[in-house]
Structure formats: C-alpha cells, structure tokens
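Visitor: All the letters of the sequence shown, read from the start, carry residue numbers 1 to 481 under the UniProt record's numbering. Just so it is clear, CB atoms sit at the ideal spot from N, CA and C, and this is done for glycine as well. My questions all concern the structure below.
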Amino acid sequence: MQDALWKMPAARQAEAVRTAEVSAVELIDSHLERIAEINPQVNAVTQLLAERAREAAARLDRRRAAGETLGPLAGVPFTVKESTAVEGVPTTFGTARFRDLVASADAPPVARLRAAGAIPLGHSNIPTLILAGMHTRSELFGDTVNPWDCSRTPGGSSGGDAVAVATGMAALGLGNDSGGSVRIPAQFCGVAGLKPSAGRFPADHRVLGPDDPGPASQMLVTDGPMARSVGDLRLAYEVLAGTDPRDPRAVPVPAYGEPLPGRLKVAVVADPGGHGVHPAVRAAVSAAADALRDAGYDVREVADVPRLDEALEAYGRITVTEFAPTWPVVRELLGKGGGRYVEMMMERTPPASAEVLMKLMGTWLNIRRSWAAFLDEYPLLLGPVFTEPPVEPGLESRDRAGRDRVAAGMRLCTVTSFVGVPGVAVPTGITDGLPCGVQIAGRAFREDLCLDAAQAVEDRLGVLTPVDPRGRGPHRSVTRP
C-alpha cells in the first residue's frame with residue numbers, strides 16, 4: 001500500500017492517517033519520493049520543504065498516539081504558490097530580487113490548511129510576479145512543463161500547483177485567481193479547481209510592508225484550491241471558508257446555503273460573447289450539459305452571459321489604471337522579456353482619468369447587478385474555462401495576435417472574476433491526448449451549488465489524474481465510474 005499512498009485522494013489519505021492505517025511520516029515520504037522522481041521532468045515544485053514536512057508529520061503522529069483528534073486534512077500534503085506566504089520561507093514571486101523575502105507568518109489560507117492537519121511540502125512555480133503572462137515561467141525557477149504534452153503550456157498563474165497535483169506530487173494545491181489563474185491551469189492539467197466568491201476565504205495579498213493594494217487587487221484576487229477530484233476540492237473548501245481577523249473582507253456566510261426549490265436551472269453558454277470557441281471545447285460543454293441533465297438539472301441553452309464585452313473593457317481599464325503608477329518599477333523586476341505581456345495590454349488599454357475611473361467603478365457595480373439578476377433566474381452557469389485546448393507556452397507574450405487570442409480564450413474566467421461569483425473547473429475527458437474541461441459558475445456565496453454540479457459531471461465523466469509526464473499522445477489511465 002505504501003507505494004501507492006501518493007495516488008490516493010486527499011480524503012482517503014487523511015482517513016488513513018487518522019485511523020493509524022499509515023503514519024503521516026509514511027504519507028509525506030511517499031510524496032517526497034514522487035517529487036524526486038517527477039519534479040525534475042516538470043519543474044513544478046520550487047522550494048521543497050522536505051525536512052520541515054517530515055517534522056510536521058512526526059508531530060502529527062505523536063498527537064495521534066497521544067489520543068488527540070486529528071483534523072479533516074490530517075497529514076495531507078499540499079503545495080503553495082510562490083506568491084503566497086509560508087512562515088519562514090521566502091515568498092519569491094519567482095523573481096531574483098525577492099529570493100530573500102522570508103515570510104514572518106503563514107498567509108491566512110495556509111494557516112487554515114495547517115490547522116486542519118495539512119502539511120505544506122513546498123512552494124510551486126508561477127509566471128514572474130504573476131504578471132509575465134499565462135504560461136508558468138519565472139525568472140528565478142524557469143519553465144514548468146505540462147505533464148500531458150511538453151509542447152503545451154500548463155497554464156497559469158497557478159500552473160505549478162496544477163502540475164504538482166496532476167502528477168501526484170501533492171494531494172492539494174493552493175493558488176489564487178483574478179481572471180482564471182486557478183481554473184485555466186486546472187483545465188490544462190486535467191484537475192479540478194475552485195475560484196470562490198470574493199470574500200469567501202480570508203486572504204492577505206500584500207507584497208512588501210503593511211500597505212494594502214488598491215481596490216481592483218483587493219476585490220479581484222481570490223485564493224483557491226486545486227485537487228484531483230471534486231470531493232477533495234469540497235474538503236479544502238470547507239476548511240478554507242470562514243472569517244479571520246486578519247482579513248476584514250471575509251464574510252461570515254455559511255459554507256452551505258438553503259436548498260433551492262424545484263429542479264435547479266443551469267444556463268449553458270458555450271461561446272460567451274460569440275467570439276468563437278474550439279470544437280473540442282464546445283464538445284466538452286455539451287458533454288457536461290448532458291451529464292447535468294442526466295443528474296436531474298434543468299439545463300437550458302441561453303443566448304449569452306450579461307454584458308460580456310462591456311465587463312471586459314471595464315476590467316481592463318480599472319486594473320491598468322491601478323497598476324500604471326508602479327509599472328516603471330515592476331518592469332525592472334520582471335526581467336528581460338518579462339514585461340511584454342503587460343506592455344501589450346497597456347498599449348491597448350490606457351489608464352483612465354480620475355473622472356473616468358469613478359464612472360468605471362459605478363459601471364462595475366452595475367454589471368454586478370446585471371449578473372445578480374441573471375443568476376437569480378439561472379442559479380448556475382455552464383461554460384468554458386478557456387475557449388481553446390491548451391496552447392503553446394508563451395503565446396500571450398509572443399505578439400499582439402497571441403496576446404489577444406489568450407485574452408479572448410479566458411474571457412468567461414475574466415468576467416466571472418470581475419463580478420465576484422464562484423466558479424469550479426472540472427475535467428470532462430481527453431481529446432487528442434489533452435485534457436478538456438468546463439467551469440460551473442453560480443450565485444455569490446453558493447460555492448456549494450457549483451461543487452454539487454461539478455460532482456455530478458465528475459460522477460458521469462470520470463477523473464483524469466494522477467498522470468505520469470509524457471511528451472505527446474493519449475493518456476493511458478483515465479479512471480471512469
């Protein structure tokens with residue numbers, strides 16, 4: 001059994017540790033052996049915390065031996081994005097300038113996972129400063145490889161976590177998402193990922209010193225977990241949800257809402273905005289829609305989501321306006337070529353004046369009103385994560401056409417982040433050797449409904465990972481119900 005410990009779902013791993021079926025040390029060692037075998041091929045785990053993880057596991061085993069009750073994630077190993085603080089470890093953001101930026105405390109979601117018994121195994125790779133593009137390539141650690149096909153990007157910016165989870169190096173990954181940074185790598189690597197409602201999980205995204213970022217960074221960025229199954233994603237969600245005195249934005253809303261009457265209506269939009277969608281992605285949305293119908297949902301094709309293009313324009317203007325004053329400094333931190341993606345975005349979307357920015361903030365709220373009305377009629381929305389299969393590494397930084405293609409591909413992720421609603425990415429199968437998937441978005445603070453629907457899709461279409469890294473070609477070991 002020990003040789004297969006890293007293959008088990010997180011919930012099963014925790015159960016085995018709580019019941020003394022295995023020790024936490026054995027579980028951690030199994031994952032460390034998997035990392036030693038796989039990470040040289042994919043470069044996902046950056047700062048490995050092997051000895052610290054073994055010490056934490058040994059403490060957990062001593063607590064169990066003393067008769068203490070262990071938490072719901074007892075012994076479960078997880079990775080943490082390079083932009084999220086782990087006490088005593090540099091939070092590098094993938095740039096050499098921050099290699100000595102040692103965190104004085106765990107970020108709130110790391111602390112919550114630890115309190116539930118989970119053990120951080122290490123940091124995971126990101127695009128430099130999260131800003132260098134969608135592909136996970138950092139100045140400090142280099143490129144992360146998609147384990148399904150080395151010629152395709154694993155996505156980003158939480159690409160290191162997605163690869164670590166997909167290959168069995170960790171049972172859970174902790175990323176964050178402001179426009180697809182959890183959901184896109186989840187789709188590209190064949191795992192499940194959750195972007196929660198704004199305010200659902202407590203967080204701290206400050207970089208240097210005590211000052212907080214501006215309103216866009218405060219409201220758009222949400223920490224979110226990744227896992228190989230929806231059940232494990234739900235377990236992480238239950239642990240991460242709640243308030244924390246370190247984050248006044250976290251809202252004390254129950255993790256599970258009241259059941260809705262009747263058959264739950266699901267709006268299906270395969271091509272948001274009508275800008276085009278790849279046939280493989282359209283087929284994935286269709287397969288997920290059929291799965292939900294089979295599960296008893298009231299699934300309906302609708303014309304479109306509310307005000308997509310207007311929302312994308314407002315998102316771009318607000319974020320660029322907030323970001324522009326710091327760009328001269330940030331550009332230097334990004335290293336050679338690292339600023340191309342942002343530069344092309346700023347050329348297309350200039351900063352707004354103070355007067356225009358105030359109007360845009362009103363537009364933001366007004367678009368959220370439109371989405372609230374839409375989701376009042378349709379509590380769930382089914383659509384693509386990214387409107388193409390995984391693309392080549394660095395496409396978004398290559399030229400204007402590549403940047404626009406990637407921005408268009410992630411458009412449903414962008415708008416759902418902009419309006420602050422939850423979304424779950426769930427795999428649907430494999431096409432031409434690459435994983436496919438969809439996202440299920442829903443009403444604010446109804447992550448439970450999104451997870452239920454994602455579970456219905458998974459129950460009918462299967463789980464794709466763990467996967468061994470390969471060059472090209474179909475995967476050999478898809479598990480089906």
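Could you tell me whether the Cβ atoms of G179 and M410 are closer together than 8 Å?
Guide: In the sequence shown, residue 179 corresponds to position 179, counting from 1. In the sequence shown, residue 410 corresponds to position 410, counting from 1. Their beta carbons are under 8 Å apart, which means G179 touches M410 by this criterion.
Visitor: Who are the near neighbours of V182 in its chain, counting only those whose CB is closer than 6 Å to its CB and skipping five residues on each side?
Guide: Taking the first residue of the sequence shown as 1, we reach residue 182 at position 182. For V182, where only same-chain residues beyond five positions count, the Cβ hits under 6 Å are S158, G175, G193, K195 and G224.
Visitor: Leaving out the 5 sequence neighbours to the left and right, which residues in its chain are closer than 6 Å to T416 when beta-carbon positions are compared?
Guide: On the sequence shown, residue 416 is found 416 positions in, with the first residue counted as 1. So the list reads G423 and A441, once near-sequence residues are dropped.
Visitor: Near D311, which residues of its chain fall below 6 Å by C-beta distance, leaving aside the five closest residues on each side in sequence?
Guide: For the purposes of this step, residue 311 is identified with residue 311 of the sequence shown, where counting begins at 1. Here the sequence assigns Ala to residue 311, which means Asp is not the residue at that position. So the list reads I367, V415 and F418, once near-sequence residues are dropped.
Visitor: Candidates D376, W148, V239 and E82: which alpha carbon is nearest A118's?
Guide: In the sequence shown, residue 118 corresponds to position 118, counting from 1. When each option's Cα is compared against that of A118, the closest is V239.
Visitor: Would DSSP call C150 helix, strand or coil?
Guide: Numbered from its first residue, the sequence shown carries residue 150 at position 150. C150: coil per DSSP, three-state reduction.
Visitor: Note down, in chain order, each residue of its chain lying with its Cβ closer than 8 Å to the Cβ of P466, except the 5 sequence neighbours on either side.
Guide: As a first step, residue 466 is located in the sequence shown; it is residue number 466 there, counting from the start. W6, K7, A166, T167, G168 and R228.
Visitor: Assess contact between the segment 441-450 and the segment 379-399, defined as three or more Cβ pairs (one per stretch) separated by less than 8 Å. Is contact present?
Guide: They touch, by the three-pair rule.
Visitor: Would you tell me roughly how many angstroms separate the C-alpha atoms of G133 and R62, rounded to the nearest one?
Guide: The residue you call residue 133 lines up with position 133 of the sequence shown. The residue you call residue 62 lines up with position 62 of the sequence shown. About 44 Å.
Visitor: Return the Cβ separation of D304 and V268 in integer angstroms, given the expectation that the two are a contact with Cβ distance under 8 Å.
Guide: As a working note, residue 304 is residue 304 in the sequence shown. As a working note, residue 268 is residue 268 in the sequence shown. About 11 Å; that fails the 8 Å criterion.
Visitor: With I318 as the anchor, note down where its alpha helix (DSSP H) starts and where it stops.
Guide: Stepping through the sequence shown from its first residue, residue 318 is reached at position 318. Unbroken alpha helix (DSSP H) run through I318: L308 to F323.
Visitor: So the alpha helix (DSSP H) H31 belongs to, where does it begin and stop?
Guide: Within the sequence shown, residue 31 is the residue found at index 31, counting from 1. That run of the alpha helix (DSSP H) goes A24 to V42.
Visitor: May I ask you to report which of helix, strand or coil DSSP gives N176?
Guide: To locate residue 176, count along the sequence shown from 1; it is residue 176. In the structure shown, N176 sits in a strand (DSSP, three-state: E or B).
Visitor: Taking the alpha helix (DSSP H) that D232 belongs to, which residues open and close that run?
Guide: Counting from one through the sequence shown, the residue named residue 232 turns up at place 232. Here the alpha helix (DSSP H) through D232 covers V230 to L240.
Visitor: Can you say whether P120 is buried or exposed, counting buried as having 16 or more other CB atoms within 10 angstroms of its CB?
Guide: Within the sequence shown, residue 120 is the residue found at index 120, counting from 1. P120 comes out buried.
Visitor: Quick one: residues in its chain with C-beta nearer than 8 Å to the C-beta of S286, no 5 flanking neighbours on either side, listed in chain order?
Guide: Taking the first residue of the sequence shown as position 1, residue 286 is located at position 286. Contacts found: A270.
Visitor: Under three-state DSSP, which class holds residue 539?
Guide: With the chain running from 1 to 481 in the structure shown, residue 539 is simply not present.
Visitor: Between which two residues does the beta strand (DSSP E) holding F188 run?
Guide: As a working mapping, residue 188 is identified with position 188 in the sequence shown. Counting along the chain, F188 falls outside any beta strand (DSSP E), though it belongs to the alpha helix (DSSP H) covering R183 to C189.
Visitor: Which two residues bound the contiguous beta strand (DSSP E) that contains M226?
Guide: As a working note, residue 226 is residue 226 in the sequence shown. T222 to A227 is the extent of the beta strand (DSSP E) around M226.
Visitor: Can A24 and V17 be called in contact, C-beta distance under 8 Å?
Guide: In the sequence shown, residue 24 corresponds to position 24, counting from 1. In the sequence shown, residue 17 corresponds to position 17, counting from 1. Contact: yes.
Visitor: Between the alpha carbons of E347 and L334, how many angstroms are there, rounded?
Guide: Counted from its first residue, the sequence shown places residue 347 at position 347. Counted from its first residue, the sequence shown places residue 334 at position 334. Taking the straight line from one Cα to the other gives about 18 Å.
Visitor: Taking its Cβ as the centre, do 16 or more other Cβ atoms sit within 10 Å of M358, making it buried, or is it exposed?
Guide: Taking the sequence shown and counting its residues from 1, one reaches residue 358 at position 358. That one is exposed.
Visitor: Return yes when the Cβ of V163 is within less than 8 Å of the Cβ of F445, no when it is not.
Guide: On the sequence shown, residue 445 is found 445 positions in, with the first residue counted as 1. On the sequence shown, residue 163 is found 163 positions in, with the first residue counted as 1. No, the pair does not count as a contact, with Cβ atoms beyond the cut-off.
Visitor: Can you say whether P469 is buried or exposed, counting buried as having 16 or more other CB atoms within 10 angstroms of its CB?
Guide: Locating residue 469 in the sequence shown gives position 469, where the first residue counts as 1. Buried is the call here.
Visitor: So, helix, strand or coil for L464, using DSSP?
Guide: Position 464 of the sequence shown, counted from the start, is the residue given in the question as residue 464. Of the three classes helix, strand and coil, the one that applies to L464 here is coil, per DSSP.
Visitor: Can you say whether E396 is buried or exposed, counting buried as having 16 or more other CB atoms within 10 angstroms of its CB?
Guide: Against the sequence shown, residue 396 aligns to sequence position 396. E396 is buried by the Cβ-count criterion.
Visitor: Can you tell me whether E343 is helix, strand or coil according to DSSP?
Guide: For this step, residue 343 is matched to residue 343 along the sequence shown. Three-state DSSP puts E343 in a helix.
Visitor: Just the Cα atoms here: how many angstroms apart are P210 and R246?
Guide: Your numbering for residue 210 matches position 210 in the sequence shown. Your numbering for residue 246 matches position 246 in the sequence shown. If I take the Cα positions, the gap works out to 12 Å.
Visitor: Check whether the Cβ atoms of I184 and V385 lie closer than 8 Å to each other.
Guide: Looking up residue 184 in the sequence shown gives position 184. Looking up residue 385 in the sequence shown gives position 385. Cβ atoms of I184 and V385: closer than 8 Å.
Visitor: Report the option in V457, N125 and D432 whose CA atom is closest to the CA atom of H278.
Guide: If you number the sequence shown from 1, residue 278 lands on position 278. Closest by alpha carbon: D432.
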